[in-house]
Amino acid sequence: AEYSTSSPAKSAAPSSAPAKDEAKKTYDYGGKGAIGKVCQVIGAIVDVRFEDQEGLPPIMTSLEVQDHPTRLVLEVSHHLGQNVVRT
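For the sequence shown, the working numbering gives the first residue as 1457, with consecutive numbering after it.
Written as structure tokens, this is what we have:
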């Protein structure tokens, strides 16, 4: 299964931008839109490998499954090394 990074969780601080426009924004960081592939599943734990260190999403970033009929969203909780994140 392929996974792609999406925007990190928003802060509780109010925004001056309209909510409609805010939903379309992608937050900037080095790996925005990076594609990863699942490399291990243990129960509810999913490890995802990315091609390079620059594409590695920050902790607390959501990963969205692209090739599944049901919308699945995972949250990065750890960087395991070797371009792998644990969700």
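Backbone N, C-alpha and C fix where the C-beta goes; we use that ideal spot for every residue, glycine too.
It should be emphasised that the depicted structure is a prediction, and the values quoted were computed from it without experimental measurement.
For this session: Taking all protein chains shown into account, decide if VAL1504 is buried (16 or more other Cβ within 10 angstroms of its Cβ) or exposed.
Result: If you number the sequence shown from 1, residue 1504 lands on position 48. Burial check for VAL1504: the Cβ neighbour count within 10 Å reaches 16 or more, so the residue is buried.
Problem set entry | Coil, strand or helix - GLN1496 by DSSP | On the sequence shown, residue 1496 is found 40 positions in, with the first residue counted as 1. DSSP places GLN1496 in the strand class (E or B) of the three-state scheme.
Exercise. What are the boundary residues of the beta strand (DSSP E) that GLU1531 is part of?
Worked result: Within the sequence shown, residue 1531 is the residue found at index 75, counting from 1. First-last of the beta strand (DSSP E) with GLU1531: 1529 to 1531.
For this session: Name the two residues that bound the continuous beta strand (DSSP E) containing HIS1535.
Result: To locate residue 1535, count along the sequence shown from 1; it is residue 79. Run containing HIS1535: 1534 to 1537, per the beta strand (DSSP E) assignment.
Exercise. Ends of the beta strand (DSSP E) at ILE1515?
Worked result: Mapped onto the sequence shown, residue 1515 falls at position 59. Careful: ILE1515 lies outside any beta strand (DSSP E) and carries neither H nor E.
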